[in-house]
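A.B. asks: For the sequence shown, the working numbering assigns the number 352 to the initial residue and increments by one for each residue that follows. Would you mind keeping the following structure in view while I ask a few things?
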Amino acid sequence: MRSSTIIPAVLSLASLSSAHFLMNYPKSIGFDDDKEGTAPCGGFTPDLSSGSKQLVDFHVGGDSLAVKSTHPQSTWLFRATLDANAESGWQQIFPIVQQSGLGDFCEPQIVLPASWAGKKGVISVVADAPDGLLYQCVAANFVSGSTTPPSACKNATITASFVSDSKLSPLVSGSTSGSSSNSTSTGSPSTSTTPSSTQSSAAAATTTKNAAAALGVPWSVSGVNLGSALTALSMFLAGGALMI
């Protein structure tokens, strides 16, 4: 009886460990572990045509992006574009953030330019992981307003820190960079925003809102512990630095 219980669990863990990262929310346009290192969308092509089964609504006033990392450490870039081919025009929509620890990671209130409402585009999550850059995409129908985080938006017991990343920064027209800050740090992270040549100051304002919104969900599924609280505070201070 015991072996019949343990073996499926081991097989499940083995399957998970072979993956790079999973997109929990919204639904991605496709996932293939062997192709996840293929830019810009992990080997899949976005279809933004009317009636496309790939399209999902994403609220520009605030919506969630949720992932699951199978690596001890991953650094995340969240970006979006109105280019239907996902080839150019990438705008950074949240400061580059590093996850230390396995499991779920969610940003509950990603804010996009209000002018995007009524348009279609592509949201991309790029991970800088031990095995290279990994990509997944969401075909988005941008709608006005905001929405509450779904049940898929949850965080494992992890540390999240704003960092700079020389591999991820070139993947967007504008970039946000900062010094690392973790749950044991007593200092405040510093961040700066360089507006894109193709986007006005609205891009900087959007990044600021997203940085502050990091407080929306605890960093631990089991609740906010001291380390999680300090991390959230650091991310809030980073948002404040952007507003100065």
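Ideal placement from N, C-alpha and C gives every residue a C-beta, glycine not left out. Because the structure is a prediction, the values reported are computed rather than measured.
Just to confirm the assignment, what range does the beta strand (DSSP E) spanning residue 483 have?
C.D. replies: 483-494
A.B. asks: Pull up the distance between the alpha-carbon of residue 482 and that of residue 427, whole angstroms please.
C.D. replies: 14 Å
A.B. asks: Specify the secondary structure class of residue 558 as computed by DSSP and reduced to three states.
C.D. replies: Annotation note: pLDDT 45 at residue 558 (below 50); position unreliable, no value reported.
A.B. asks: Could you name the residues of the same chain whose beta carbon sits closer than 8 Å to that of residue 304, not counting the 5 residues immediately before and after it, in chain order?
C.D. replies: Beyond the ends of the chain as shown, which are 352 and 595, falls residue 304; an answer cannot be given.
A.B. asks: Nearest CA to the CA of residue 514: which residue from 492, 445 and 436?
C.D. replies: 445
A.B. asks: State buried or exposed for residue 465, treating a residue as buried only when at least 16 other CB atoms are found within 10 Å of its CB.
C.D. replies: exposed
A.B. asks: Which complete alpha helix (DSSP H) runs does the region 396-472 hold, if anything under 4 residues is left out?
C.D. replies: You should have found no qualifying run.
A.B. asks: Measuring only the C-alpha atoms, how far is residue 441 from residue 413?
C.D. replies: 19 Å
A.B. asks: Grouping DSSP H, G and I as helix and E and B as strand, with all else coil, what is residue 479?
C.D. replies: strand
A.B. asks: Three or more C-beta pairs under 8 Å: does that hold for the region 495-505 against the region 516-524?
C.D. replies: no
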